[in-house]
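The opening position of the sequence shown corresponds to residue 14 in my numbering, with each subsequent residue numbered one higher.
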Amino acid sequence: MRTVVLAILLSVLPAFVSPSVAQSAETSKDSTYIEAFIEGLQAGTARLVGTYGDQNYIADTAVVDAQGHFVLRRERALPAGFYYFLLPGQKNFSILIDRDDQRMTLRAKADDIPGTLQVSGSINTALFYRNARYQSTQEPEFKQLSQTLRDFPPNSPEHESAKARQSQLLQQRKAHLDSIYRAYPNAFFTKFKIAGQNPDWPEFRKPNGELDTLRNLVYYREHFWDNVDFNDTRLLHTPVIANKLKRYIVELTPQHPDSIIKVADPLIQRVLPYKEYFQFFVNWIALQYENGKTKVMDGEAVMVFLIDKYFTPELATWDTPENIAKIRKKADEMKASLMGRKGPDVRALDVNGQYKSIYEMTAPIIVIFMYSPDCEHCREQAPEIQRIYQRWKDRGVDFYGIALNTTDEKWKEFVRKNGFTFTNVFDPTNRAIYAKYFVDITPELYVLNKDRIIVAKNLQANQLETIFEREFAKMGN
Numbered sequence: 014m015r016t017v018v019l020a021i022l023l024s025v026l027p028a029f030v031s032p033s034v035a036q037s038a039e040t041s042k043d044s045t046y047i048e049a050f051i052e053g054l055q056a057g058t059a060r061l062v063g064t065y066g067d068q069n070y071i072a073d074t075a076v077v078d079a080q081g082h083f084v085l086r087r088e089r090a091l092p093a094g095f096y097y098f099l100l101p102g103q104k105n106f107s108i109l110i111d112r113d114d115q116r117m118t119l120r121a122k123a124d125d126i127p128g129t130l131q132v133s134g135s136i137n138t139a140l141f142y143r144n145a146r147y148q149s150t151q152e153p154e155f156k157q158l159s160q161t162l163r164d165f166p167p168n169s170p171e172h173e174s175a176k177a178r179q180s181q182l183l184q185q186r187k188a189h190l191d192s193i194y195r196a197y198p199n200a201f202f203t204k205f206k207i208a209g210q211n212p213d214w215p216e217f218r219k220p221n222g223e224l225d226t227l228r229n230l231v232y233y234r235e236h237f238w239d240n241v242d243f244n245d246t247r248l249l250h251t252p253v254i255a256n257k258l259k260r261y262i263v264e265l266t267p268q269h270p271d272s273i274i275k276v277a278d279p280l281i282q283r284v285l286p287y288k289e290y291f292q293f294f295v296n297w298i299a300l301q302y303e304n305g306k307t308k309v310m311d312g313e314a315v316m317v318f319l320i321d322k323y324f325t326p327e328l329a330t331w332d333t334p335e336n337i338a339k340i341r342k343k344a345d346e347m348k349a350s351l352m353g354r355k356g357p358d359v360r361a362l363d364v365n366g367q368y369k370s371i372y373e374m375t376a377p378i379i380v381i382f383m384y385s386p387d388c389e390h391c392r393e394q395a396p397e398i399q400r401i402y403q404r405w406k407d408r409g410v411d412f413y414g415i416a417l418n419t420t421d422e423k424w425k426e427f428v429r430k431n432g433f434t435f436t437n438v439f440d441p442t443n444r445a446i447y448a449k450y451f452v453d454i455t456p457e458l459y460v461l462n463k464d465r466i467i468v469a470k471n472l473q474a475n476q477l478e479t480i481f482e483r484e485f486a487k488m489g490n
């Protein structure tokens, strides 16, 4: 059972060629003219793949002849950004282009395109490979030093020597890039590389000399976006922004809804004046925590928060009021079943035609098991659900099963076949559960504590007993 939230949110993501770029693109003949001579490349099709955020798309194609020659020409210029060519024989190479930097000639050997590529006519692609080749000369020593750091303990002479050399190489790399920045301060490559750099790690220390990891992390987070110019929409057409966003939200933030919201909200406020960044950030974060996609328990709390605050006709101007209304309606349906809230009551007919209510149940812990008889995973987990109920029914746990998207006959047959001895209800109108316990994919499990607060959700059957033990421990049992 799937909701339409993902489809709706995807529909409001920006087009790969953003309106602001498309409207300002050159329209003269051959605004883009890329000619390539790749020695040893077999004939076939060259596909130019573009980037928007963390998505790729086919931007254009060209025919490769038997001599490895192809020409890609366009009247309308490509959006400035990062691209790569997919070539016959599973070969590929990248280019970096600006709006007025799209007429170039490329020459290389097919067996080592990055190492042999010669660029004329494109300063950004030329700088891209100049830097890449410099870094490649350092890589063997970096690998050797990393192995030494793993092999020898901290404070050993070998470890300290390797660490010092590593720092020296990084300083050389920085000096190399700084020389490019000074020589080409206005090049797109310069903006691209600067935006991708992480903040320096200051290594704050406590009075006793130990590394102050918390203070370092706070500093790192506070300065994480300092090098990004949010006025520059070209960066959205490179992997830089999506990679930084993922690192900031997923890797540097504790994966708990409250922590994620605490970090995501100020960031979105920061980019709110920059329409394309706001559009990308708020959509990306919301989709990251869509129910059924995220592994974060109650991750949809992040989605609900963002939809409530930012998916309004006034702010989400990239979409129609009708679609925004659909998104907000789904968010409203999720609200009642967020963790930490009191689980709503459900009252519906059981297999014997008797009304049964969650709130009538007296066990300290209640499991709400939502399933569909036609759902493959429901059929797989049903026997284990019954076994868990049998093990815990005399220890203070009761189950309340709710059938969905089925018929009265299929429901009762499913209950009989699986030998369910706990309460099972079905309401063909869905009125009994509407906007109470949100279901994205069945089976869905919620756990209510003695106060009927939702303390766990989005579980697998094999996770239930750990939750039971935790909740009884809280009660002193």
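Using N, Cα and C, we set each Cβ at its ideal position, and we do this for glycine too. Predicted model, so just to flag it, every value in this text is computed and none were measured.
Annotation: TYR97 to ILE415 spans about 50 angstroms, alpha carbon to alpha carbon. Within the same chain, GLU346 come within 8 angstroms of TYR447 by CB-CB distance, once the 5 residues on both sides are set aside.
The way I'd put it, the segment 49 to 56 does touch the segment 84 to 103; three or more beta-carbon pairs between them come closer than 8 angstroms. Collapsing the DSSP output to three states places ARG260 in a helix.
C-alpha of ASP421 to C-alpha of GLU457: approximately 20 angstroms in a straight line. Assignment of LYS369 by DSSP, reduced to helix, strand and coil, places it in the strand class. Under the Cβ criterion (8 angstroms, minimum of three pairs), the segment 302 to 311 does not count as touching the segment 321 to 334. The closest CA to that of LEU351, considering only SER370, ASP271, ARG400, CYS391, is found on ASP271. Residue environment for VAL76: exposed (fewer than 16 other C-beta atoms within 10 angstroms of its C-beta). Counting along the chain, the unbroken beta strand (DSSP E) around PHE382 starts and ends at 378 to 384.
The alpha-carbon of TYR372 is positioned some 29 angstroms away from that of GLU303.
For TYR302, no alpha helix (DSSP H) segment is defined, and its DSSP state is neither H nor E. Under DSSP, no beta-bridge partner is assigned to SER272. Taking a C-beta distance under 7 angstroms as the contact criterion, ARG89 and ASP43 do not qualify as a contact pair. The residue from THR246, GLY222, ASP213 with its alpha-carbon nearest to that of LEU230 is ASP213. Per the DSSP secondary-structure output, ASP363 pairs in a beta bridge with VAL438.
Exposed is the label assigned to HIS236, since fewer than 16 other Cβ atoms lie within 10 Å of its Cβ. Beta-bridge pairing by DSSP links PHE106 to PHE98. In the DSSP assignment, VAL62 falls within the beta strand (DSSP E) that extends over 57 to 65. A direct Cα-to-Cα measurement between LEU300 and GLU289 gives close to 17 angstroms. Note on LYS470: 16 or more other CB atoms within 10 angstroms of its CB, so buried under the neighbour-count rule.
As DSSP reads the structure, TYR194 sits in no beta bridge.
Under a 10 Å Cβ-count criterion, ILE71 is classified as exposed, with fewer than 16 other Cβ atoms of the shown protein chains found around its own Cβ. The three-state secondary structure of GLY409, taken from DSSP, is coil. In this structure the segment 208 to 228 does not lie against the segment 160 to 179, because fewer than three pairs of beta carbons, one per stretch, are closer than 8 angstroms. With contacts defined as CB atoms closer than 7 angstroms, THR138 and LEU109 qualify as a contacting pair. Judged by their CB atoms, ASP363 and VAL438 are nearer to each other than the 7 angstroms cut-off. Minimum Cα-Cα distance from PHE451 among the listed residues ALA344, ALA486, PRO286 corresponds to ALA344. For GLN131, there is no enclosing alpha helix (DSSP H); the residue is part of the beta strand (DSSP E) that begins and ends at 131 to 133. At a cut-off of 4 residues, the continuous stretches assigned as alpha helix (DSSP H) that sit fully inside the segment 157 to 215 are 170 to 196, 201 to 209. In the three-state DSSP reduction, TYR287 falls in the coil class, being neither helix nor strand. Using a Cβ distance threshold of 7 angstroms, ILE136 and ALA200 count as a contacting pair. Nearest to GLY63 by C-alpha distance, out of ALA93, ASP411, GLN403, MET316, is ALA93. ASP73 is bridged by DSSP to LEU61.
The three-state reading of DSSP puts MET347 in helix, counting H, G and I together. ARG143 and GLN115 have their C-alpha atoms some 18 angstroms from each other.
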